[in-house]
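S.K.:
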Amino acid sequence: MNARGLALVITAAMVAAWALSAMPPVQITVNSPGPAPVEARTAPGVPVAAQEAAEPPTEAASPPAIADAEPYAPSAVLAAPEEAAPFSRPGPAAIAVPGSRAIDMPILIYHTIRPGPPPASQMARWLTVTPEAFEQQLKFLKDNGYHSISFSQLADFLEKGIALPDRPAIISFDDGWDNQFVYGYPLLLKYGFGATFFVVTNYLDRPNFMTIEQLKTMIANGMAIGAHTRSHPALAGIGNPHKQWDEIAGSKSFLEERLGVAIDTFAYPYGSYNAAVEAMVKAAGFRTARTVNFGTHYTADDLATLAGLTFPIYVNHYRGKVELTAHEMAR
Ligand SMILES: [Zn+2]
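Quick note: the sequence shown uses this note's numbering, first residue 871, plus one each step.
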């Protein structure tokens, strides 16, 4: 068993213990019940990284036809997304640090949020949280003084030394499931947190996934959208660089055209990348890119391969670690 496998086993046991000792259920409200949440499951025949099993179902793998030849719109011509609320800005106590910068902070990775009994498969259970558990996690962040920031703010800090709020955290969601909008988004608003939603462009406006209009609603209320390719392939496994480029740059231009905002952050499907893929992500104009590797320590060299924490697998590890590293914004 490798280190990650061991970590998964250990953290799974910790999560089980945590669940047993969890606080009483919290009453929540959602804006609408929405369609029946879909059970996360794995597309057959696709190599799946351990942390990315709850991927879009196969029925969504027959995407609507999207022209490959859409003209690419450079980010520079588009306004940056409005992030004034609810992403936090630094207060008077925030520090700007000169010189080489590093930071320890959580980048949280969510997939499915829905009520009901746990999914049947272990992997899907690890990638699914109930609205009650999600609210407890947001409450933990709020009660402990955390402030949500965007990936752009992390890049601004690491590259330029632009100050971050005290106790920053990034909240991110993968794949564009509609349950994220139905159950997650209202709780983010309730607690005043911003989040970044990495969407698969071919899945938008399809059953079980968010719509373009929902993305626009979230942008108008301070959320950020990132690209997660057109069709969710394991990018490192694609031999054709033209296809890789279309998945990466094409998803960016698609979102920028439809949403009218610059899309400058990316997430690798299945956490699959290599040097060529990483170079394409940078060349396409993405400023940051997130993997599903485990980690909480970042420098400017990590901006194209940012690690993170997959809730709920690492919640206990995360709690302990952030308690130890809080305020260690930079060294
Ligand atoms: Zn994904």
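For every residue, glycine included, the Cβ atom is placed at its ideal position computed from N, Cα and C.
Can you check which of these residues, His981, Arg1157, Gly986 and Ala1137, is closest to Arg1100 by C-alpha distance?
M.R.: As a working mapping, residue 1100 is identified with position 230 in the sequence shown. Out of His981, Arg1157, Gly986 and Ala1137, Ala1137 has the C-alpha closest to the C-alpha of Arg1100.
S.K.: Would DSSP call Leu978 helix, strand or coil?
M.R.: Locating residue 978 in the sequence shown gives position 108, where the first residue counts as 1. Leu978 falls in the strand class under three-state DSSP.
S.K.: What's the gap between the Cα of Ala1145 and the Cα of Ala1025?
M.R.: The residue given as residue 1145 occupies position 275 in the sequence shown. The residue given as residue 1025 occupies position 155 in the sequence shown. Near 20 Å, if we compare the C-alpha coordinates of Ala1025 and Ala1145.
S.K.: Helix, strand or coil for Ser1123 per DSSP?
M.R.: As a position in the sequence shown, residue 1123 is number 253, starting the count at 1. In the structure shown, Ser1123 sits in a helix (DSSP, three-state: H, G or I).
S.K.: Between Ala1177 and Gly1054, what straight-line distance do the alpha-carbon atoms span, to the nearest angstrom?
M.R.: Position 307 of the sequence shown holds residue 1177. Position 184 of the sequence shown holds residue 1054. Each residue's Cα considered, the two are about 22 Å apart.
S.K.: Measure the CB-CB distance between Tyr1168 and Ile973 and report whether it falls below 8 Å.
M.R.: If you number the sequence shown from 1, residue 1168 lands on position 298. If you number the sequence shown from 1, residue 973 lands on position 103. Going by C-beta atoms, Tyr1168 is nearer than 8 Å to Ile973.
S.K.: Since Arg1160 sits in a beta bridge, which residues does DSSP pair it with?
M.R.: Translated into positions along the sequence shown, residue 1160 becomes position 290. According to DSSP, which records beta bridges pairwise, Arg1160 is partnered with Ala1137 and Leu1176.
S.K.: Taking the beta strand (DSSP E) that Asp1045 belongs to, which residues open and close that run?
M.R.: The count along the sequence shown starts at 1 and reaches residue 1045 at position 175. Here the beta strand (DSSP E) through Asp1045 covers Pro1038 to Asp1045.
S.K.: Under 8 Å between the Cβ atoms of Tyr980 and Val999?
M.R.: Along the sequence shown, read from residue 1 onward, the residue named residue 980 stands at position 110. Along the sequence shown, read from residue 1 onward, the residue named residue 999 stands at position 129. Yes.
S.K.: Rounded to whole angstroms, what's the CA-CA distance from Pro1111 to Lys1060? Just pull it up for me.
M.R.: On the sequence shown, position 241 is the one that residue 1111 refers to. On the sequence shown, position 190 is the one that residue 1060 refers to. For Pro1111 and Lys1060, the distance between alpha carbons rounds to 43 Å.
S.K.: Run the proximity test for Pro1103: is its beta-carbon closer than 7 Å to any non-hydrogen atom belonging to ligand 1?
M.R.: Here residue 1103 is taken as the residue at index 233 of the sequence shown, counted from 1. No; taking the cut-off as 7 Å, the Cβ of Pro1103 has no heavy atom of ligand 1 nearer than that.
S.K.: Within 7 Å: the Cβ of Asp1045 and any heavy atom of ligand 1?
M.R.: As a first step, residue 1045 must be located in the sequence shown, where it is residue number 175. Asp1045: yes, Cβ under 7 Å from ligand 1.
S.K.: Should His1098 be counted as a contact of ligand 1 given a C-beta to heavy atom distance under 7 Å?
M.R.: Here residue 1098 is taken as the residue at index 228 of the sequence shown, counted from 1. Yes, Cβ of His1098 sits closer than 7 Å to a heavy atom of ligand 1.
S.K.: Is Tyr1143 helix, strand or coil when you go by DSSP?
M.R.: Taking the sequence shown and counting its residues from 1, one reaches residue 1143 at position 273. In the structure shown, Tyr1143 sits in coil (DSSP, three-state: anything other than H, G, I, E or B).
S.K.: Could you spell out where the beta strand (DSSP E) holding Ala1097 opens and where it closes?
M.R.: Sequence index remark: in the sequence shown, residue 1097 carries index 227 (1-based). That run of the beta strand (DSSP E) goes Ala1094 to Ala1097.
S.K.: Checking 8 Å against the spacing of the C-beta atoms, do Thr1081 and Leu1074 come in under that value?
M.R.: Locating residue 1081 in the sequence shown gives position 211, where the first residue counts as 1. Locating residue 1074 in the sequence shown gives position 204, where the first residue counts as 1. Yes, Cβ-Cβ distance for Thr1081 and Leu1074 is below 8 Å.
S.K.: Would you list the residues sitting across from Ser1018 in a DSSP beta bridge?
M.R.: On the sequence shown, position 148 is the one that residue 1018 refers to. Beta-bridge pairing links Ser1018 to Ala1039.
S.K.: Between the C-alpha atoms of Glu1005 and Ile1108, what's the straight-line distance to the nearest angstrom?
M.R.: Numbered from 1 along the sequence shown, position 135 holds the residue referred to as residue 1005. Numbered from 1 along the sequence shown, position 238 holds the residue referred to as residue 1108. Each residue's alpha carbon lies about 38 Å from the other.
S.K.: Using a Cβ cut-off of 8 Å (strictly closer), state whether Gly1064 contacts chain B.
M.R.: In the structure shown, chain B cannot be found, because there is only a single protein chain.
S.K.: Am I right that Phe1068 and Ala1097 are in contact with their C-beta atoms under 8 Å? What's the rounded C-beta distance?
M.R.: As a first step, residue 1068 is located in the sequence shown; it is residue number 198 there, counting from the start. As a first step, residue 1097 is located in the sequence shown; it is residue number 227 there, counting from the start. With 8 Å as the limit, Phe1068 and Ala1097 qualify as a contact, their Cβ atoms being about 7 Å apart.
S.K.: Determine, using beta carbons only, whether Ala1039 and Pro956 come nearer to each other than 8 Å.
M.R.: Position 169 of the sequence shown, counted from the first residue, corresponds to residue 1039. Position 86 of the sequence shown, counted from the first residue, corresponds to residue 956. Their beta carbons are not under 8 Å apart, which means Ala1039 does not touch Pro956 by this criterion.
S.K.: So is the beta-carbon of Pro1001 under 7 Å away from any non-hydrogen atom of ligand 1?
M.R.: Your numbering for residue 1001 matches position 131 in the sequence shown. For ligand 1, not one heavy atom lies less than 7 Å from the Cβ of Pro1001.
S.K.: Need the endpoints of the beta strand (DSSP E) that Phe1067 sits in, please.
M.R.: Translated into the one-based positions of the sequence shown, residue 1067 becomes position 197. Its beta strand (DSSP E) spans residues Thr1066 to Val1069.
S.K.: Please state whether DSSP places Thr1087 in a helix, a strand or coil.
M.R.: What you label residue 1087 is simply residue 217 of the sequence shown in a count that begins at 1. Note: Thr1087 maps to helix in three-state DSSP.
S.K.: Classify Ile1032 as helix, strand or coil using the three-state DSSP reduction.
M.R.: Along the sequence shown, one-based indexing puts residue 1032 at 162. Looking at Ile1032 - three-state DSSP - the assignment turns out to be coil, as it is neither helix nor strand.
S.K.: By the three-class DSSP mapping on this structure, what secondary structure does Phe1079 have?
M.R.: Counted from its first residue, the sequence shown places residue 1079 at position 209. Note: Phe1079 maps to strand in three-state DSSP.
S.K.: At what residues does the alpha helix (DSSP H) containing Tyr1055 begin and finish?
M.R.: Against the sequence shown, residue 1055 aligns to sequence position 185. Tyr1055 -> alpha helix (DSSP H) spans Tyr1055 to Tyr1061.
S.K.: Can you name the start and end residues of the beta strand (DSSP E) that His1102 belongs to?
M.R.: Stepping through the sequence shown from its first residue, residue 1102 is reached at position 232. First-last for His1102: undefined, no H or E at that position.
S.K.: Which residues does DSSP pair with Ala972 in a beta bridge?
M.R.: Counting from one through the sequence shown, the residue named residue 972 turns up at place 102. DSSP, once it has assigned bridges, lists Thr1169 as partnering Ala972.
S.K.: Residues in the same chain with beta-carbon distance under 7 Å from Ser958, minus the five sequence neighbours each way, listed in chain order, please.
M.R.: In the sequence shown, residue 958 corresponds to position 88, counting from 1. Cβ neighbours of Ser958 beyond the five flanking positions: His1017, Ser1018, Ile1019 and Pro1035.
S.K.: Can you grab the Cα-Cα spacing for the pair Met1093 / Gln992, in whole Å?
M.R.: By one-based count along the sequence shown, residue 1093 stands at place 223. By one-based count along the sequence shown, residue 992 stands at place 122. Rounded to whole angstroms, the separation of the alpha carbons of Gln992 and Met1093 is 30 Å.
S.K.: Can you tell me where the alpha helix (DSSP H) with Ala990 in it begins and where it stops?
M.R.: Position 120 of the sequence shown, counted from the first residue, corresponds to residue 990. Membership of Ala990 in any alpha helix (DSSP H) is not indicated, and neither H nor E is assigned to it by DSSP.
S.K.: Here's the rule: buried if 16 or more other CB atoms are within 10 angstroms of the residue's CB, otherwise exposed. What is Asp1172?
M.R.: Your numbering for residue 1172 matches position 302 in the sequence shown. It counts as buried.
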